[in-house]
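Here's the structure we're looking at; comments come further down.
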Amino acid sequence: MRTRVTCDQCRQRRIRCNGATPCSRCVTSMLICKREMGSKRPGPKAGKGSVIAKLRKATDVFSSDSPLQENLSPSGLRQDANQIPWPSTSYLPIRRPDDEMLSLEGNHRSFAARSVSDTANSAFCNPSRPTRFTGVIESQVGRDQVEIRNWILGTISHQRNEPSTASWDTRSCEDGRRAHPQTQSPFPDVSLLLLITRCIEIYIEHLFPTMPVLEPSQLRQLAQRPREAKEDSLIYALCAFSITNMCGKSASTFGIEKWELVAQYLIRESIATRQYYNHIEDCSLFSILTSFFISSVHFQMNQSHLSWFYLREAITLAQGVGIDKESFYHGMDPLADLYYRRTFYILLVSERSFAIMRHKPILLSQTISPPEVIIKEQHEVDPGFRQLIRTFSQLSEGFIALWNESDTGICIPSTELEHLQNHFELSPDDIGPLFDTQKADLIVTQHWLRLVAWKTALRHGRLSSNSRSRSTTFSYPEQVAHSLLSALSALPSLSIEVHGMGIFEKVFELGSSLIDIISCFAKVRLDRPPSVRSNVEGFHAIVRIISISPNAWQKYGSYLESRASEPILYYVGAYTLSMHLPLPMDDYEVRTYNEYSETE
Numbered sequence: 001m002r003t004r005v006t007c008d009q010c011r012q013r014r015i016r017c018n019g020a021t022p023c024s025r026c027v028t029s030m031l032i033c034k035r036e037m038g039s040k041r042p043g044p045k046a047g048k049g050s051v052i053a054k055l056r057k058a059t060d061v062f063s064s065d066s067p068l069q070e071n072l073s074p075s076g077l078r079q080d081a082n083q084i085p086w087p088s089t090s091y092l093p094i095r096r097p098d099d100e101m102l103s104l105e106g107n108h109r110s111f112a113a114r115s116v117s118d119t120a121n122s123a124f125c126n127p128s129r130p131t132r133f134t135g136v137i138e139s140q141v142g143r144d145q146v147e148i149r150n151w152i153l154g155t156i157s158h159q160r161n162e163p164s165t166a167s168w169d170t171r172s173c174e175d176g177r178r179a180h181p182q183t184q185s186p187f188p189d190v191s192l193l194l195l196i197t198r199c200i201e202i203y204i205e206h207l208f209p210t211m212p213v214l215e216p217s218q219l220r221q222l223a224q225r226p227r228e229a230k231e232d233s234l235i236y237a238l239c240a241f242s243i244t245n246m247c248g249k250s251a252s253t254f255g256i257e258k259w260e261l262v263a264q265y266l267i268r269e270s271i272a273t274r275q276y277y278n279h280i281e282d283c284s285l286f287s288i289l290t291s292f293f294i295s296s297v298h299f300q301m302n303q304s305h306l307s308w309f310y311l312r313e314a315i316t317l318a319q320g321v322g323i324d325k326e327s328f329y330h331g332m333d334p335l336a337d338l339y340y341r342r343t344f345y346i347l348l349v350s351e352r353s354f355a356i357m358r359h360k361p362i363l364l365s366q367t368i369s370p371p372e373v374i375i376k377e378q379h380e381v382d383p384g385f386r387q388l389i390r391t392f393s394q395l396s397e398g399f400i401a402l403w404n405e406s407d408t409g410i411c412i413p414s415t416e417l418e419h420l421q422n423h424f425e426l427s428p429d430d431i432g433p434l435f436d437t438q439k440a441d442l443i444v445t446q447h448w449l450r451l452v453a454w455k456t457a458l459r460h461g462r463l464s465s466n467s468r469s470r471s472t473t474f475s476y477p478e479q480v481a482h483s484l485l486s487a488l489s490a491l492p493s494l495s496i497e498v499h500g501m502g503i504f505e506k507v508f509e510l511g512s513s514l515i516d517i518i519s520c521f522a523k524v525r526l527d528r529p530p531s532v533r534s535n536v537e538g539f540h541a542i543v544r545i546i547s548i549s550p551n552a553w554q555k556y557g558s559y560l561e562s563r564a565s566e567p568i569l570y571y572v573g574a575y576t577l578s579m580h581l582p583l584p585m586d587d588y589e590v591r592t593y594n595e596y597s598e599t600e
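Letter by letter, the sequence shown follows residues 1 to 600 in UniProt numbering.
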């Protein structure tokens, strides 16, 4: 019997079969001829899925041995907190490394906060959506970013207590809100909650007296409850603002050293959160203040262009809402009226300060009355805030245009310059009891504006050696610098440091003018050794003030050191030494002075 099917033995031996049963080949080889193997279907064959299996394994969100597989499930989130093992940060999900460092891609509806709980809920609500894990992309992220990621998503050891047995307030993926713990939990995103709480307390304790634009009790409530998108955006920006202002104390205050990277992350989160609501049409105080805090953070990080952009954005939003018009406040709740007016004047003060520092035009004018305090707890804040408003209100639009030289046709009479000098010489102690931070801000700002008025008179030929008023003489920066040092000597260094780069830039301007005076007198006349000695000591004192802040010293320290090491300064030192008026000199200064003396 013949058949067209090859027998199993010939098929395995890969030889021709004659189709007989048994076939001749099997008979010759004494094999059992059988046909039990099924024939293969002709044409393309379906794959075994090995490639797909490898891809799925590489992008698998939860591996079989992951300690978070059980703990991050919806049921695992509700179990006793004491029974949940502490997860390793190496398993924690982070964003893709292109521009956003710390959060997973998720299924966001109106707004979804990026927390571990929401990551779990997103994974279980939409398991078909691929997510990424640290183990896959960690090699693509910079070392500093990984360290900051591990810190943000890790635990703050010095602030963590024993885990409680409280459950989580879990919400569905469609909620659009953050799933916050009702009490403290060992999950990593609680550390972000602790950071937010700490930043809010720092703002209330140190920054609120000079920037009272948010109700303290409302801020504390925001940190503990689920937040809307605009609230989250504001909180992130406020935290970055607190961290950058306290950069010199970031290690001891927040438990972080790389404060700049943490601030950048928070700012990116604040800006990214705006994608979930229309902040331009929002018309709320939160949207205005978010732009203002972002501007302040960029200023602290020496990014003037971005700072100016977001400051103008805040002003534009404020003008769009109408807080610069009295009609906006008709029938408004007194508490809302207070904070809207304060926000307007904070924007006015910040814009004029920035305009003088960077020679920018201004948009805001004093078109509304100052705020009236209705809260008893804030009566102590009001005098210093009102004095700050009065200080910058003295700067007319014509004076700022003259300072910026944007209109050469403007002529400021000498009487107005003298009036400015007299107003800026008002001591904060004459106003009443103030916070130390308010005193430091007012003292430095008033002395800096005295210098600005003097420079304006210098540019337009209003100075004279024989002038009756000291403010119109060439040596006036001496008096301003010594007055500043005398006023600051009674204040703690923290009251200066909490203001950030803005106050140190003003002190730097005063120090630069003082060293210019020292150089000028050393070149033209040397008959005032006591004055030269006091000026050099004053310059060293200003350098010590700037060295309080590592951020300020990084920007201004090298310049001040180069000015201090000029040969002309040591020539002045040699003259004062010959008059038996020793100057404070370290070993390097002594060697440099000796080398310079040998060349003479």
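Every residue gets a Cβ at the ideal spot worked out from N, C-alpha and C, and that includes glycine.
Which residues in the same chain as residue i place their Cβ atom closer than 7 Å to its Cβ, once the five residues preceding and following it in sequence are excluded?
i    : result
L285 : Y339, Y340, T343
Q378 : P212
S414 : R462
S469 : E418
H206 : T437, V498
If I measure Cβ to Cβ from residue i and keep anything under 6 Å in the same chain, skipping five residues before and after, which residues do I get?
i    : result
R16  : none
L348 : L364
S12  : According to the sequence displayed, residue 12 carries Gln and not Ser. Answer for Q12: no residue qualifies.
H423 : Q394
V543 : L560
S75  : In this prediction, S75 scores a pLDDT of 40, lower than 50, which makes its location untrustworthy; the coordinate-derived value is nonetheless stated afterwards. Cβ neighbours of S75 beyond the five flanking positions: none.
V381 : P209, P212
Y329 : D337
L219 : I200
P371 : L338, R341, R342
Going by the CB atoms, is the gap between residue j and residue i shorter than 7 Å?
i    : j    : result
W403 : T445 : no
I346 : L317 : no
F310 : S327 : For clarity, residue 310 is Tyr in the given sequence; the question names Phe instead. No, these two residues do not count as a Cβ contact at 7 Å.
S191 : S233 : no
F208 : F241 : no
Q387 : L442 : yes
Y265 : A229 : no
G384 : L434 : yes
S495 : A440 : yes
I243 : A272 : no
I400 : I362 : yes
Leaving out five residues on either side along the sequence, give the residues of the same chain with a beta carbon under 8 Å from the beta carbon of residue i.
i    : result
I196 : A223, I235, C239
V541 : According to the sequence displayed, residue 541 carries Ala and not Val. Excluding sequence neighbours, A541 sits near L485.
T473 : L463, S464, S465, S467
R358 : S304, W308
I375 : L335, L338
Report the partner residues of residue i according to the DSSP bridge assignment.
i  : result
R2 : A20
Between the Cα of residue i and those of the options, spot the shortest distance and give me the residue it belongs to.
i           : options                : result
T391        : L364, I400, L420, V373 : L420
S531        : F241, H499, S475, I545 : S475
S493        : D282, S547, T472       : S547
Q221        : S486, L514, E201       : E201
A490        : D436, S469, R352       : D436
I517        : K506, H499, F539       : F539
E497        : F521, S471, Q438       : Q438
T28         : A46, M37, Q9, K45      : Q9
residue 630 : R41, S24, E405         : Because residue 630 is not part of the residues shown, which for the chain are 1 to 600, the question remains open.
S353        : Q319, Q303, E505, F385 : E505
G500        : P550, F521, W454       : P550
E351        : S304, G432, R56        : S304
P477        : H460, L193, L451, D382 : L451
G502        : L193, N302, L219       : N302
G320        : H279, W308, G331, S369 : H279
K360        : R312, Y203, I368, G331 : R312
Exercise for the section: Report yes or no: do the region 508-522 and the region 475-483 share at least 3 C-beta pairs separated by less than 8 Å? Expected result: yes
Practice task
Take every Cβ of the region 296-304, pair it with every Cβ of the region 332-340, and state whether three or more of those distances are shorter than 8 Å.
Solution key: no
Handout entry: the region 258-265 touching the region 209-227, judged by at least three CB pairs closer than 8 Å
Key = no
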